[in-house]
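Colleague: Last residue of the sequence shown? That's 122 in the working numbering, and every number before it is there in order. Where a beta carbon is used, it is the ideal one built from N, C-alpha and C, also for glycine. This structure is in structure tokens; I'll ask about it shortly.
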Amino acid sequence: MNKKELHDTFTDLESQAEATLQIIKDMKTELSHLTEDNHVLRMENQHLRDRLAEIIKEQSVEKQAVDTGMTKSRLNLEKIYEDGFHVCNLFYGSRRDGDEPCAFCLEVIYGERK
Ligand SMILES: [Zn+2]
């Protein structure tokens, strides 16, 4: 290899290295775009899942209301009662000691509307 050939070879290697470096830079930029997109899509996906879960929950409450003939507000009261709290006017919001049944609460939840 003479000096001219050696010089040309170095020039070729240099431009190949520059081209490779450019590819690496482009890939790096592309990767950060993809990471950003991925993050946005994850957030959106989570939001949609949450919304879907809400809708399914609402539907099941509505279905339950239809099935049992109870209104949503009565179902909510029933849930609070089952969680161990009074929903009657007398003791509203206080804990039912030892989950004792309360006739006033049952009247509010299941009684005839006056
Ligand atoms: Zn009560």
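What does DSSP give as the partner residue(s) for residue 103 in the beta ladder?
Modeller: Paired residue(s): 93.
Colleague: For residue 87, tell me which candidate among 106, 62, 117, 65 has the shortest Cα-Cα distance.
Modeller: It is 117.
Colleague: Hey, would you say the C-beta of residue 98 is under 7 Å away from at least one heavy atom of ligand 1?
Modeller: Indeed, a heavy atom of ligand 1 lies less than 7 Å from the Cβ.
Colleague: Grouping DSSP H, G and I as helix and E and B as strand, with all else coil, what is residue 122?
Modeller: Because residue 122 carries a pLDDT of 46, less than 50, the predicted location of this residue cannot be relied on, and no value is offered for it.
Colleague: Thinking C-alpha only, which one of 75, 93, 110, 109 is nearest residue 102?
Modeller: Per the Cα distances, 93.
Colleague: Starting from residue 98 and walking both ways along the alpha helix (DSSP H), at which residues does that stretch end?
Modeller: Here residue 98 belongs to no alpha helix (DSSP H), and DSSP marks it neither H nor E.
Colleague: For residue 56, which residues in the same chain have their Cβ closer than 6 Å to its Cβ, ignoring the five residues on either side in sequence?
Modeller: Closer than 6 Å at the Cβ level, and outside the excluded window around residue 56, lies no residue.
Colleague: Report yes if the CB atom of residue 73 is closer than 8 Å to the CB atom of residue 83, and no otherwise.
Modeller: Yes, the pair counts as a contact, with Cβ atoms nearer than the cut-off.
Colleague: Output the distance between the C-alpha atoms of residue 67 and residue 44, rounded to the nearest integer angstrom.
Modeller: Going by the C-alpha atoms only, they are around 34 Å apart.
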